[in-house]
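J.: Quick one: the structure is below, questions incoming.
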Amino acid sequence: MNKWTAISNAMMLVMMLIFSCVVSAAIIRPPGDTTSPGGGTSSGGSSGSSTDTNQIDHLELVVTVIKNEKPEVSGSLFGELDGLSLRLLNSPIGNYGFLDISAAGGFRYVMKNDLPQVQALGLNDVAQETFLYQIITANDNTIDAKLTVYILGNPSVSFDNVEIEFNNNSNEASPIHAGNASQMGQYMRGQLTSPDDRDWFIVNSLGNEIINLELCPEGSQCKDEKGWVMYVLDADKFQSEGNEDKTVTLRTYIDRTNETLSTTQANHFYLLYDKGFFNNSLIGIIDPCFGDRRTLDIGVGQQPKNYLVLITSPLFRSSSLDPQINNDVEGCGAGDVVLERVKATLPGGTRIIEQFITPFPFSDDQYTLRVTRTGADPFAVLSPDSVAFDAVGRKAHVARIRVNNQLFTAELEQLNTPTDANTLTTFGIRSIQSLSEPLTADPYLPTYNPVNQIVKFPQVLDTQSGAVYSVEMLYQPESNTLNLLRAVPVH
């Protein structure tokens, strides 16, 4: 049981359970016809065919919640019965959420997304917990009842990845572990927090493959929105260009003489792209101002390659000043991105013209990004940033890990050996030290995400077996420990 392989196999099947003394829970495969795919309430599941209260032995209700999509559900615990009161026989606090009951018999079940067992629910995983209670009817009968809650790991969309802020510069790019033909890539969920926000990601390849990128595809909440530009850049060429921090001069000038009165500098990435600063490194782009395309295929040559992926807002073009154009998309699709307006009119009619830029609106909402590859998984090839795990010594050496914008080295120690599926493997932090080296974009770099407390280890080597895993852990600040959520073999 000390082997990383045994731990990971158990965790992949049943890692969403934790201890509970009062609520029964079990990991199962997706339920059958008793649960609707949309997670709706199924009420009135009595043992008899009659609706007469006196002839009903018990009542069973079934409801469904979905991770990251439908976190709560409500209804009546009386079902179709003429109930006067009820008595809950076990705790309203479940393994995955809690049950709130009103005096009139109404209920609301709320799933808690921040719980480690909820975080551990992966694609097509389903958990179940049961609440037992008794109903007192208008005829003074007592009926045993049961509410079963199915917790789905979101069979249509997986939001296990969240962008790591701050990732406004290319050296802060969030690593993406792309999917393949046997396992679709998970959605990376991100958000532009301001018109100038830049969200950088990095994807690596061993070469000789096609990498598919989907921005707000079918199944995502932003699929009908058009507020984001996605650029794919050759990481080496982008670094060689050195234009990430370049600026474009915007003038305020007298129109009659073209005399410059003042200047400002603009660094919006879409402006730099429009002016040709990244012509050498740009591989492809999804631009909402030019078409409805939401996918991009990148053909990778024979050699290994790193790609930078950037999400930004677009800019309006001069056609947006045309009063005949009311459509926002038309407004960002024609003309120059450097706009001009009359700032003042001098005596005699001479005008002072001001140049400016305007980001495309509604680009500060949440977007999703998914990456899938056709070739071999590059994480099967060891990197200097691999985490070395010794199952016999129960120690893990983390050469480098990113915490916010600082690099650290750390030593972890396995604190327990799970003897059943109800226990999560826990690691303690034996030591952690800061490193003086600068932060660079590295797809193999372990990262801590303060948004959801998830620590991703793209490549963990089991030094005893030689097997390689992609590992996710949940950091517990109160105990300064890490719970093992997922260990996926890398082939």
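According to the numbering used here, the residues represented by the sequence shown are 609 to 1099, in order. Glycine included, C-beta positions come from ideal geometry on N, C-alpha and C.
#1: Who are residue 673's beta bridge partners in DSSP?
#2: So, with DSSP's three-state summary, where would you put residue 778?
#3: Quick check: residue 1022 and residue 1033, are their CB atoms within less than 8 angstroms of each other?
#4: Quick one: what does DSSP say residue 880 is sitting in, helix, strand or coil?
#5: With 16 as the cutoff for other CB atoms within 10 Å, does residue 976 come out buried or exposed?
#6: Taking only three categories from DSSP, how would you classify residue 1126?
#7: Give the DSSP bridge partners of residue 821, in chain order.
#8: Do residue 1069 and residue 724 have their CB atoms nearer than 8 angstroms?
#9: What's the call for residue 908, buried or exposed, on a 16-neighbour Cβ count within 10 Å?
#10: Under 6 angstroms Cβ to Cβ from residue 817, same chain only, skipping five residues before and after it: list those, please.
#11: Compare the beta carbon distance of residue 955 and residue 922 with 8 angstroms and say whether it is the shorter of the two.
#12: Let me check one thing: in DSSP terms, what residues is residue 995 bridge-paired to?
#13: Would residue 1101 and residue 1061 be called neighbours here (beta carbons separated by less than 8 angstroms)?
#14: Could you tell me if residue 1099 is buried or exposed, where buried requires 16 or more neighbouring beta carbons within 10 angstroms of its beta carbon?
#15: Mapping the DSSP letters down to three states, classify residue 974 as helix, strand or coil.
#16: With a threshold of 8 angstroms on Cβ separation, who are the neighbours of residue 813 within its own chain once the five nearest residues in sequence on each side are excluded?
#17: Return the first residue and the last residue of the beta strand (DSSP E) that residue 952 is part of.
#18: Could you tell me whether the Cβ atoms of residue 821 and residue 755 are closer together than 8 angstroms?
#19: My guess is that residue 1020 and residue 1006 are in contact by the Cβ rule of under 8 angstroms, so how many angstroms apart are they, rounded?
#20: Going along the chain, which residues of its own chain have a beta-carbon closer than 6 angstroms to the beta-carbon of residue 870, five neighbours each way excluded?
#21: Which residue from 944, 1027, 992, 963 puts its Cα closest to that of residue 952?
#22: What residue range is occupied by the uninterrupted alpha helix (DSSP H) comprising residue 845?
#23: Among 1035, 1086, 961, which has the Cα closest to the Cα of residue 1025?
#24: Quick check on residue 1007: does DSSP put it in helix, strand or coil?
#25: Excluding the 5 residues flanking residue 662 on each side, which residues of the same chain have their C-beta closer than 8 angstroms to its C-beta?
#26: Nearest-angstrom Cα distance between residue 875 and residue 734?
#27: Tell me the DSSP bridge mates of residue 868?
#28: Which of the three DSSP states, helix, strand or coil, is assigned to residue 873?
#29: DSSP on residue 988, reduced to helix/strand/coil?
#30: With distances taken Cα to Cα, identify the nearest neighbour of residue 1044 among 1016, 1038, 1052, 1053.
#31: For residue 808, which beta-bridge partners are listed by DSSP?
#32: Using DSSP with H/G/I as helix, E/B as strand and the rest coil, what is residue 932?
#33: Would you call the CB atoms of residue 1010 and residue 795 closer than 8 angstroms?
#34: Residue 692 and residue 745 look like a contact to me (Cβ under 8 angstroms); what is the Cβ gap, rounded to whole Å?
#35: Under 7 angstroms Cβ to Cβ from residue 740, same chain only, skipping five residues before and after it: list those, please.
#36: Give the C-beta separation of residue 965 and residue 879 to the nearest angstrom, bearing in mind that I take them to be a contact with Cβ-Cβ under 8 angstroms.
T.: According to the structure data:
#1: By one-based count along the sequence shown, residue 673 stands at place 65. Paired residue(s): 759.
#2: Taking the sequence shown and counting its residues from 1, the one referred to as residue 778 is at position 170. In the structure shown, residue 778 sits in a helix (DSSP, three-state: H, G or I).
#3: Here residue 1022 refers to the residue found at position 414 when the sequence shown is read from its first residue. Here residue 1033 refers to the residue found at position 425 when the sequence shown is read from its first residue. It is a contact, given that the beta carbons lie within the stated cut-off.
#4: Mapped onto the sequence shown, residue 880 falls at position 272. Residue state, collapsed to three classes: helix.
#5: As a first step, residue 976 must be located in the sequence shown, where it is residue number 368. Result: buried.
#6: Nothing in the structure corresponds to residue 1126, since the chain is present only between 609 and 1099.
#7: Here residue 821 refers to the residue found at position 213 of the sequence shown. In the DSSP output, where bridge partners are listed per residue, residue 821 has 904, 979.
#8: For the purposes of this step, residue 1069 is taken as residue 461 along the sequence shown, with counting starting at 1. For the purposes of this step, residue 724 is taken as residue 116 along the sequence shown, with counting starting at 1. Not a contact, by the Cβ cut-off of 8 angstroms.
#9: On the sequence shown, residue 908 is found 300 positions in, with the first residue counted as 1. So residue 908 ends up on the buried side.
#10: Position 209 of the sequence shown, counted from the first residue, corresponds to residue 817. Cβ within range, chain order: 908, 981, 982, 983.
#11: Here residue 955 corresponds to residue number 347 of the sequence shown, with the count starting at 1. Here residue 922 corresponds to residue number 314 of the sequence shown, with the count starting at 1. Going by C-beta atoms, residue 955 is not nearer than 8 angstroms to residue 922.
#12: Indexing the sequence shown from 1 puts residue 995 at position 387. According to DSSP, residue 995 bridges with 1068.
#13: Absent from the structure is residue 1101, since the part of the chain shown begins at 609 and ends at 1099.
#14: Here residue 1099 refers to the residue found at position 491 when the sequence shown is read from its first residue. So residue 1099 ends up on the exposed side.
#15: Here residue 974 corresponds to residue number 366 of the sequence shown, with the count starting at 1. Of the three classes helix, strand and coil, the one that applies to residue 974 here is strand, per DSSP.
#16: The sequence position of residue 813 within the sequence shown is 205, counting from 1. The answer, listed in chain order, is 819, 908, 912, 913, 914, 915, 981, 983, 986.
#17: Here residue 952 is taken as the residue at index 344 of the sequence shown, counted from 1. Counting along the chain, the beta strand (DSSP E) containing residue 952 begins and ends at 947-953.
#18: The residue you call residue 821 lines up with position 213 of the sequence shown. The residue you call residue 755 lines up with position 147 of the sequence shown. No, Cβ-Cβ distance for residue 821 and residue 755 is not below 8 angstroms.
#19: Here residue 1020 refers to the residue found at position 412 when the sequence shown is read from its first residue. Here residue 1006 refers to the residue found at position 398 when the sequence shown is read from its first residue. Correct: roughly 7 angstroms between the Cβ atoms.
#20: Numbered from 1 along the sequence shown, position 262 holds the residue referred to as residue 870. Closer than 6 angstroms at the Cβ level, and outside the excluded window around residue 870, lie 860.
#21: Counting from 1 along the sequence shown, the entry for residue 952 is found at position 344. Looking at the Cα atoms, 963 is the closest of the given residues.
#22: As a first step, residue 845 must be located in the sequence shown, where it is residue number 237. Unbroken alpha helix (DSSP H) run through residue 845: 843-849.
#23: As a first step, residue 1025 must be located in the sequence shown, where it is residue number 417. Measuring from the Cα of residue 1025, the nearest candidate turns out to be 1035.
#24: As a working mapping, residue 1007 is identified with position 399 in the sequence shown. Reduced to three states, the DSSP call for residue 1007 is strand.
#25: For the purposes of this step, residue 662 is identified with residue 54 of the sequence shown, where counting begins at 1. Here the model assigns residue 662 a pLDDT of 48, short of 50, so the residue's position is not dependable, and the following value carries that caveat. Closer than 8 angstroms at Cβ, skipping near neighbours: 747, 749.
#26: In the sequence shown, the residue the question calls residue 875 occupies position 267. In the sequence shown, the residue the question calls residue 734 occupies position 126. Going from the Cα of residue 875 to the Cα of residue 734 covers about 47 angstroms.
#27: Stepping through the sequence shown from its first residue, residue 868 is reached at position 260. Bridge partners of residue 868: 861.
#28: Working through the sequence shown from its first residue, we reach residue 873 at position 265. In the structure shown, the three-state DSSP call for residue 873 is strand.
#29: For the purposes of this step, residue 988 is identified with residue 380 of the sequence shown, where counting begins at 1. Residue 988: helix per DSSP, three-state reduction.
#30: Here residue 1044 refers to the residue found at position 436 of the sequence shown. Nearest C-alpha to residue 1044: 1016.
#31: Within the sequence shown, numbered from 1, the residue matching residue 808 stands at position 200. In DSSP, residue 808 forms a bridge with 918.
#32: Numbered from 1 along the sequence shown, position 324 holds the residue referred to as residue 932. Because the pLDDT at residue 932 is just 49, under 50, the model does not fix this residue reliably, and the point stays unresolved.
#33: In the sequence shown, the residue the question calls residue 1010 occupies position 402. In the sequence shown, the residue the question calls residue 795 occupies position 187. A distance of 8 angstroms or more separates the beta carbons of residue 1010 and residue 795.
#34: What you label residue 692 is simply residue 84 of the sequence shown in a count that begins at 1. What you label residue 745 is simply residue 137 of the sequence shown in a count that begins at 1. Contact between residue 692 and residue 745 holds, since their C-beta atoms are separated by about 7 angstroms, short of 8 angstroms.
#35: Translated into positions along the sequence shown, residue 740 becomes position 132. Cβ within range, chain order: 697, 698, 754.
#36: For the purposes of this step, residue 965 is identified with residue 357 of the sequence shown, where counting begins at 1. For the purposes of this step, residue 879 is identified with residue 271 of the sequence shown, where counting begins at 1. Indeed, because the Cβ distance is near 6 angstroms, the residues count as touching under 8 angstroms.
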